[in-house]
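>
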Amino acid sequence: MELIDTHAHLTYPELSAQLPLVMADARAAGVARIITIGSDAVDSQAALELATTHPMLACTAGIHPHEAAKVADGDFKRIRELAADPHVVAVGEIGLDYHYDFADRETQHWVLVRQLDIARSSGKPIVVHCREAFPDCVSLLEQNGFRNRKVVFHCFTGTAEEAATLAAHGWRISFTGIVTFKNSTELQAIARDYPADQLMLETDAPYLSPIPVRSVRPNVPAHVAHTAAFLAELRGVPLEELAAQTTANARAFFDLKS
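Here the numbering used here runs 17 ahead of the position in the sequence shown, where the first position is 1.
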């Protein structure tokens, strides 16, 4: 069995401090590749350094909406440079977050649009963070030419209607451990019927540990195996089949050669 954790934050101190163990545990759980996600220019550089050092890893480069108010001169230039590196498989994590509003919405929009330009130029997929901002996020992607481009809404927790909107645009969603939670009935219904050729899995480590390790902190890439097992049972397919399908999907989406 082979799995890919398409979204983890391995630069976070609680994971980077024990990275050899984190990766060894992931391999033991059947995880072949991990994509470590950048959240600002400095963090994206650190993610690239990990990816160039460890063949198991790939990375992204981007400025998270939580960091939009802190953007400094040269950050967009640095993200553009990083996006050109072959170890960087997507621009992200980018998007909008109206739950915390750490940056005002106009600034969030501006930072997102600047990064959409970088993604268009690089030809790479985008990894989208969208919380309580779905209409504006979809609108900005549409306005900037991203219909039917490679887009994944990571850690999707939206409605069936929102999932259908994303599918109609040719975009994907990926599932975290949240889908395993007992109160996630609507998300489970979406995951049960989601097209097999579009399924992708992630941990969002160090956050969102799935059942049956819900109380374990930090979450780690090895735990993506629990989410895979839950989805396989939910969808009524063998775990090996779901693992093979989600791995093939992730390789194709992120253009992973190995």
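Glycine residues also receive a C-beta, built at the ideal position from the N, C-alpha and C atoms.
Could you pull the start and end residues of the beta strand (DSSP E) that A78 belongs to?
Residues 74-78.
> Determine the extent of the beta strand (DSSP E) in which V108 is found, giving its start and end residues.
Start and end: 105-114.
> On a Cα-Cα basis, can you pick out the residue from A177, G253, A267 that is closest to L216?
Ranking the options by Cα distance to L216, first place goes to A267.
> Taking the alpha carbon of P229 as the point to measure from, which residue in A213, P212, F247 has its own alpha carbon closest?
Selected option, being the one with the closest Cα: F247.
> Got a sec, what are the start and stop residues for the beta strand (DSSP E) L20 sits in?
Its beta strand (DSSP E) spans residues 20-25.
> Residues in its own chain within less than 6 Å of R97 by CB, not counting five upstream and five downstream?
Result list for R97: I135, in chain order.
> Can you list, in chain order, the residues of its chain with a C-beta nearer than 8 Å to that of A184? Leave out the 5 residues immediately preceding and following it.
Only P212, Q215 meet the Cβ criterion.
> Could I get the ranges of all uninterrupted beta strand (DSSP E) runs contained in the region 114-188, with 3 residues as the minimum, in chain order?
Segments of the beta strand (DSSP E) lying fully in the region 114-188: 143-148, 168-170.
> Just tell me which of I207, Y224, T202 has its CA closest to the CA of G194.
With distances taken between Cα atoms, G194 lies closest to Y224.
> Report the start-end ranges of each alpha helix (DSSP H) in the region 27-56 that is 4 residues or longer and not cut off at the edges.
Runs of the alpha helix (DSSP H) inside the region 27-56: 30-33, 36-45.
> Please state the DSSP three-state secondary structure of L259.
Residue state, collapsed to three classes: helix.
> Cβ of G109 within 9 Å of Cβ of T77?
Taking 9 Å as the Cβ cut-off, G109 and T77 qualify as a contacting pair.
> Write down the C-beta distance between G187 and C154 rounded to the nearest angstrom, noting that I regard them as a contact closer than 8 Å.
That pair is no contact at about 15 Å.
> Does the beta-carbon of A206 have 16 or more other beta-carbons within 10 angstroms, so that it is buried, or is it exposed?
Counting Cβ neighbours within 10 Å, A206 comes out exposed, since fewer than 16 surround it.
> Should I143 and F163 be called a contact, given that it needs their Cβ atoms to be closer than 9 Å?
In this structure, F163 lies closer than 9 Å to I143 by Cβ.
> Judging by CA-CA distance, which residue of H240, Q35, T53, V169 is the nearest neighbour of V145?
Considering only alpha carbons, the answer is V169.
> Helix, strand or coil for F198 per DSSP?
It is coil, neither helix nor strand.
> Between R209, F270, L273, which has its C-alpha nearest G253's C-alpha?
It is R209 whose Cα lies nearest to the Cα of G253.
> On the three-pair Cβ rule with 8 Å, is the region 88-95 touching the region 53-67?
In short, these stretches touch, since the Cβ pair count reaches three.
> Can you tell which of T197, T202, L259, A260 has the C-alpha that lies nearest to the C-alpha of R231?
Per the Cα distances, T197.
> Compute the beta-carbon to beta-carbon distance between D221 and H24, rounded to the nearest angstrom, for a pair I have assumed lies under 8 Å.
Contact holds; Cβ gap of about 6 Å.
> Alpha carbon to alpha carbon, how far is E66 from K274?
Their backbone Cα atoms lie some 19 Å apart in a straight line.
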